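Asks: Structure in structure tokens, see below.
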């Protein structure tokens, strides 16, 4: 990890932001910018301007635009870590690795943050736009396209539907027997669905 | 349909409720009662008491406790109608009929009410409890158990996960290509998932 960069832009109020202030201001600015312009339209320069900090702070605190975007979604894990966990291994078991990673990540949070996320996605067009970008860009381009170039956007959206729905049932509705089921049982039941959406015939 | 019953209980304020008032008061009382006690614990008598009307009004306006419960969920269609649409036909096409009915019902609303429903389920334990009852009782007992007595609660929860997730992607996130896809395309892609959850092997 790089050391914090000392040359932050001065704030309007005339003092330097502490590190946590900079990070928080960037997250807030990113949510506004991505919400208004979408992932492709948003620029790191404009997000930094809105936050009143130097653009280098985005790379320093987040590593880049994509990581800032995912951080702004308030996911408990960043996409680079997700990809590191699910990509290695046989393509025909990708569905199982996705479900297992999903359960590991959200079980560790107790599930409450997923409720917050889904509520904001259902309430605010900003959050909905960010989630759309996450599934449509990050998932479709980075995760699905390499294993299934054919119809990768439809495949990613279908995977998204099963994953989001599983999250609703297990963590938000807490509906039994899925709420308390072990990972092996959930993977056995749902991984074949994801695998078909990823690499199987769709009609 | 029966004519409106004239002998409503007098309200505290000393005038009779108009029909729409009675119906609205029952819905409000039902949401509170089902939220506190769940579907099985709630009684028609107590709901009517909370609404300040005669218990006969529940049957008159809704046809019974189950229909009142579904009305209180603010679904655009009642469960009796859903069952009438999806049950007749070959069991091996039940998954396709469920998806087709789901799309028909929610497309007709433009999808916005599903956003409201999901938001309230993610925000209020009351609404979450009602939705749990809907999937766990109505779906599991009435729709799934007749075709799959084995593990019908798990099968219903799995179906619920794919259906709710599909609703999130199509109507709340409005993610393409699923948001604008024709019914045939969505049915081809997702009905095999439901069919496996209903009647296929789960491990």
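Residue numbers (the UniProt record's numbering), protein chains in the order written: chain A, 1 to 203; chain B, 1 to 203. Note that CB positions come from ideal geometry on N, CA and C, so glycine has one too. No experiment lies behind these values; they were computed from the predicted model shown.
Can you say whether residue 43/B is buried or exposed, counting buried as having 16 or more other CB atoms within 10 angstroms of its CB?
Replies: Mapped onto the second chain, residue 43/B falls at position 43. Residue 43/B should be labelled exposed.
Asks: In terms of residue numbering, what span does the alpha helix (DSSP H) encompassing residue 195/B cover?
Replies: As a working mapping, residue 195/B is identified with position 195 in the second chain. Residue 195/B -> alpha helix (DSSP H) spans 183-199.
Asks: What's the C-alpha gap between residue 33/B and residue 46/B?
Replies: Taking the first residue of the second chain as position 1, residue 33/B is located at position 33. Taking the first residue of the second chain as position 1, residue 46/B is located at position 46. The straight-line gap from Cα to Cα measures roughly 8 Å.
Asks: Pull up the distance between the alpha-carbon of residue 38/A and that of residue 194/A, whole angstroms please.
Replies: As a working note, residue 38/A is residue 38 in the first chain. As a working note, residue 194/A is residue 194 in the first chain. Rounded to the nearest angstrom, the two C-alpha atoms are 27 Å apart.
Asks: For residue 168/B, which residues from the same chain have a beta carbon less than 7 Å from its beta carbon, with the 5 sequence-adjacent residues on both sides left out?
Replies: Taking the second chain and counting its residues from 1, the one referred to as residue 168/B is at position 168. So the list reads 118, once near-sequence residues are dropped.
Asks: Taking only the alpha-carbon atoms, compute the straight-line gap between residue 114/B and residue 106/B and give it to the nearest angstrom.
Replies: Position 114 of the second chain, counted from the first residue, corresponds to residue 114/B. Position 106 of the second chain, counted from the first residue, corresponds to residue 106/B. Their Cα atoms are separated by approximately 7 Å.
Asks: Does the distance from the CB of residue 125/A to the CB of residue 136/A come in under 9 Å?
Replies: Mapped onto the first chain, residue 125/A falls at position 125. Mapped onto the first chain, residue 136/A falls at position 136. In this structure, residue 136/A does not lie closer than 9 Å to residue 125/A by Cβ.
Asks: Please classify residue 122/B as buried or exposed, where buried requires at least 16 neighbouring CB atoms within 10 angstroms.
Replies: As a working note, residue 122/B is residue 122 in the second chain. Result: buried.
Asks: Would you mind working out which of 160/A, 85/A, 19/A, 22/A sits nearest residue 132/A, comparing C-alpha positions?
Replies: Numbered from 1 along the first chain, position 132 holds the residue referred to as residue 132/A. Residue 160/A is the option with its Cα nearest to residue 132/A.
Asks: Residue 168/B CB to nearest chain A CB: under 9 Å?
Replies: The residue given as residue 168/B occupies position 168 in the second chain. It does: the Cβ of residue 168/B has a partner Cβ on chain A nearer than 9 Å.
Asks: Strictly under 9 Å for the Cβ-Cβ distance: is residue 97/A near chain B by that measure?
Replies: Residue mapping note: residue 97/A aligns to position 97 of the first chain, counting from 1. So, not an interface residue.
Asks: Counting only beta-carbon separations shorter than 9 Å, does residue 180/A have a partner in chain B?
Replies: Within the first chain, residue 180/A is the residue found at index 180, counting from 1. No, its Cβ sits nowhere closer than 9 Å to a Cβ of chain B.
Asks: So the alpha helix (DSSP H) residue 86/A belongs to, where does it begin and stop?
Replies: By 1-based counting over the first chain, the position of residue 86/A is 86. It spans 79-86 - the alpha helix (DSSP H) in which residue 86/A sits, taken as one unbroken run.
Asks: Got a sec: is the Cβ-Cβ distance from residue 16/B to anything in chain A below 9 Å?
Replies: Reading the second chain from its first residue, position 16 is the one you call residue 16/B. Confidence in residue 16/B is poor, its pLDDT being 49 and thus under 50, which makes the residue's placement unreliable; the coordinate value appears in the next sentence. No, its Cβ sits nowhere closer than 9 Å to a Cβ of chain A.
Asks: In the structure shown, what three-state DSSP assignment does residue 34/B receive?
Replies: Here residue 34/B corresponds to residue number 34 of the second chain, with the count starting at 1. Three-state DSSP puts residue 34/B in a helix.
Asks: Please work out which residues of its chain come closer than 7 Å, Cβ to Cβ, to residue 185/A, disregarding the five sequence neighbours upstream and downstream, and give them in chain order.
Replies: What you label residue 185/A is simply residue 185 of the first chain in a count that begins at 1. For residue 185/A, where only same-chain residues beyond five positions count, there are no Cβ hits under 7 Å.
Asks: So, helix, strand or coil for residue 111/A, using DSSP?
Replies: Along the first chain, one-based indexing puts residue 111/A at 111. Correct three-state label for residue 111/A: coil.
Asks: Does the structure place the region 75-89 of chain A close enough to the region 97-105 of chain A that three or more beta carbon pairs sit under 8 Å?
Replies: The answer is yes - the region 75-89 of chain A touches the region 97-105 of chain A, with three or more Cβ pairs under 8 Å.
Asks: How about residue 204/B: is its C-beta nearer than 9 Å to some C-beta of chain A?
Replies: Any answer about residue 204/B is impossible in this case: the structure gives chain B only from 1 up to 203.
Asks: Compute the Euclidean distance between the alpha carbons of residue 112/A and residue 28/A, then round it to the nearest angstrom.
Replies: Taking the first residue of the first chain as position 1, residue 112/A is located at position 112. Taking the first residue of the first chain as position 1, residue 28/A is located at position 28. C-alpha separation (whole angstroms): 21 Å.
Asks: Quick check on residue 113/A - is its C-beta less than 9 Å from some C-beta in chain B?
Replies: Here residue 113/A refers to the residue found at position 113 of the first chain. Cβ-Cβ to chain B under 9 Å: no for residue 113/A.
Asks: Mind checking the region 123-137 of chain A against chain B and listing, in chain order, the residues whose C-beta falls within less than 8 Å of any C-beta there?
Replies: Of all residues in the region 123-137 of chain A, 123, 128, 131, 132, 135, 136 have a Cβ within less than 8 Å of some Cβ in chain B.
Asks: Determine the contact status of residue 175/A and residue 202/A, defining contact as a CB-CB distance below 9 Å.
Replies: Along the first chain, read from residue 1 onward, the residue named residue 175/A stands at position 175. Along the first chain, read from residue 1 onward, the residue named residue 202/A stands at position 202. Contact flag unset, no.
Asks: Since residue 62/A and residue 56/A should fall inside the 8 Å C-beta cutoff, what is the C-beta to C-beta distance between them, to a whole number of angstroms?
Replies: If you number the first chain from 1, residue 62/A lands on position 62. If you number the first chain from 1, residue 56/A lands on position 56. With 8 Å as the limit, residue 62/A and residue 56/A do not qualify as a contact, their Cβ atoms being about 11 Å apart.
Asks: Name, please, each residue of chain A whose Cβ falls closer than 8 Å to the Cβ of residue 162/B.
Replies: The sequence position of residue 162/B within the second chain is 162, counting from 1. Near residue 162/B (Cβ distances below 8 Å), the residues of chain A are 161, 162, 165, 193.
Asks: I'd like to know if residue 79/A contacts chain B, where contact means its C-beta is closer than 9 Å to some C-beta of that chain.
Replies: Working through the first chain from its first residue, we reach residue 79/A at position 79. No, because no Cβ of chain B sits closer than 9 Å to the Cβ of residue 79/A.
Asks: Alpha carbon to alpha carbon, how far is residue 26/B from residue 53/B?
Replies: Within the second chain, the letter at position 26 stands for residue 26/B. Within the second chain, the letter at position 53 stands for residue 53/B. Taking the straight line from one Cα to the other gives about 8 Å.
Asks: Secondary structure at residue 69/B, three-state DSSP: helix, strand or coil?
Replies: As a first step, residue 69/B must be located in the second chain, where it is residue number 69. Residue 69/B: helix per DSSP, three-state reduction.
Asks: Could you pull out every residue in the same chain whose Cβ sits closer than 6 Å to the Cβ of residue 65/A, ignoring the five residues on either side in sequence?
Replies: Taking the first residue of the first chain as 1, we reach residue 65/A at position 65. Closer than 6 Å at the Cβ level, and outside the excluded window around residue 65/A, lie 44.
Asks: Which residues mark the beginning and the end of the alpha helix (DSSP H) in which residue 137/A is found?
Replies: Translated into the one-based positions of the first chain, residue 137/A becomes position 137. Note, residue 137/A: premise wrong, no alpha helix (DSSP H); not H, not E.
Asks: Answer yes or no: do residue 155/B and residue 172/B have a C-beta to C-beta separation smaller than 9 Å?
Replies: Reading the second chain from its first residue, position 155 is the one you call residue 155/B. Reading the second chain from its first residue, position 172 is the one you call residue 172/B. No, the Cβ-Cβ distance between residue 155/B and residue 172/B is not below 9 Å.
Asks: I believe residue 127/A touches residue 199/A by the beta-carbon criterion, under 8 Å. Please report the beta-carbon distance rounded to the nearest angstrom.
Replies: Taking the first residue of the first chain as position 1, residue 127/A is located at position 127. Taking the first residue of the first chain as position 1, residue 199/A is located at position 199. In fact, because the Cβ distance is near 30 Å, the residues do not count as touching under 8 Å.
Asks: I need the boundaries of the alpha helix (DSSP H) containing residue 175/B, first residue and last residue.
Replies: For this step, residue 175/B is matched to residue 175 along the second chain. Per DSSP, residue 175/B belongs to no alpha helix (DSSP H) and is neither H nor E.
Asks: Once DSSP output is grouped into helix, strand and coil, what is the label at residue 124/B?
Replies: Your numbering for residue 124/B matches position 124 in the second chain. Looking at residue 124/B - three-state DSSP - the assignment turns out to be coil, as it is neither helix nor strand.
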